[in-house]
Amino acid sequence: MAKIAVYPGSFDPITNGHIDVIKRASKVFDHLIVAVLVNDSKKSLFSLEERLDILKHGIDNLDNVSFDSFSGLLVDYCKEKQLSAIVRGLRAISDFEYELQMAQMNRQLYDKTETVFFTTSEKYSYLSSSLVKEVAKFGGKIDGLVPDYAIMKMKEKLSRGE
Ligand code: PNS
Numbered sequence: 004m005a006k007i008a009v010y011p012g013s014f015d016p017i018t019n020g021h022i023d024v025i026k027r028a029s030k031v032f033d034h035l036i037v038a039v040l041v042n043d044s045k046k047s048l049f050s051l052e053e054r055l056d057i058l059k060h061g062i063d064n065l066d067n068v069s070f071d072s073f074s075g076l077l078v079d080y081c082k083e084k085q086l087s088a089i090v091r092g093l094r095a096i097s098d099f100e101y102e103l104q105m106a107q108m109n110r111q112l113y114d115k116t117e118t119v120f121f122t123t124s125e126k127y128s129y130l131s132s133s134l135v136k137e138v139a140k141f142g143g144k145i146d147g148l149v150p151d152y153a154i155m156k157m158k159e160k161l162s163r164g165e
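Counting from 4, one number per residue, gives the positions in the sequence shown under this note's numbering.
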């Protein structure tokens, strides 16, 4: 049976740290679904459609990676798609507690999908979508931190005062 994994997240927007995890996870699994959380209660800079558009532009030439969105519980998505694994990135020890809690809760709810952690490359260990947005908002340089397409879309948004 093919090993299909999901890499879930807010991806608001995708960073080069996420892309690094996607590339590496795509070598380990037969197929990787990058799934964007639909979360109406969390204020995001980009809409779901925009986040998916930026993802698709950021990741090309990876035949075994596809894109999707999900709402509700991640484990329900895993059950529906019969997924082998949930992929998450670990940047630093500070991520660990939250990630461990989520992995254990998810296993408690549904134990047929394992959580697999990828440690992010050191050069991206400080990187987060939130920090990138803050730096961009104040006119700081974000080149090399997110895909060029994301920089363009962020500039468009910020120039409209959104
Ligand atoms: O990129 P993020 O915001 O850190 O991703 C968090 C995400 C989307 C993986 C997490 O919030 C999630 O799985 N949400 C779906 C709702 C859910 O299943 N909650 C219980 C998790 S224990």
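Heads up, the beta-carbon is just placed ideally off N, CA and C, and yes, glycines get one too. Note that the structure is a prediction, hence the values are computed from the model and not measured.
With a cut-off of 7 Å, the C-beta of V149 is classified as distant from ligand 1, since no heavy atom of the ligand falls inside that distance. The stretch 61–76 makes contact with the stretch 33–44; the number of CB pairs closer than 8 Å reaches 3 or more. Note that the C-beta distance between P150 and I17 is below 8 Å.
Annotation for A88: the continuous beta strand (DSSP E) segment containing it runs 88–93. By the neighbour-count criterion, in which a residue is buried when 16 or more other Cβ atoms sit within 10 angstroms of its Cβ, K158 is exposed. Annotation: the continuous alpha helix (DSSP H) that includes I25 extends over 19–31. If you look at G164, you'll find it isn't in any beta strand (DSSP E); DSSP assigns it neither H nor E. Under the DSSP assignment, D71 falls in the beta strand (DSSP E) whose first and last residues are 68–73. Under the three-state reduction of DSSP, Y80 is assigned to helix. At least one heavy atom of ligand 1 falls within 7 Å of the beta-carbon of V78.
By the Cβ-count criterion, I57 is buried, with 16 or more other Cβ atoms from all chains shown falling within 10 Å of its own Cβ. According to DSSP, Y113 shares a beta bridge with no other residue.
The C-alpha of K140 lies about 7 Å from the C-alpha of L161. Counting every other CB atom within 10 Å of its CB across the protein chains shown gives T123 a total of 16 or more, marking it as buried. Sorting P11, D98, V138, K84 by C-alpha distance to the C-alpha of L55 places P11 at the top. Inclusion of A106 and T118 in the CB contact set at 8 Å is warranted, their separation being smaller than that value. Beta-bridge pairing by DSSP links T118 to I89.
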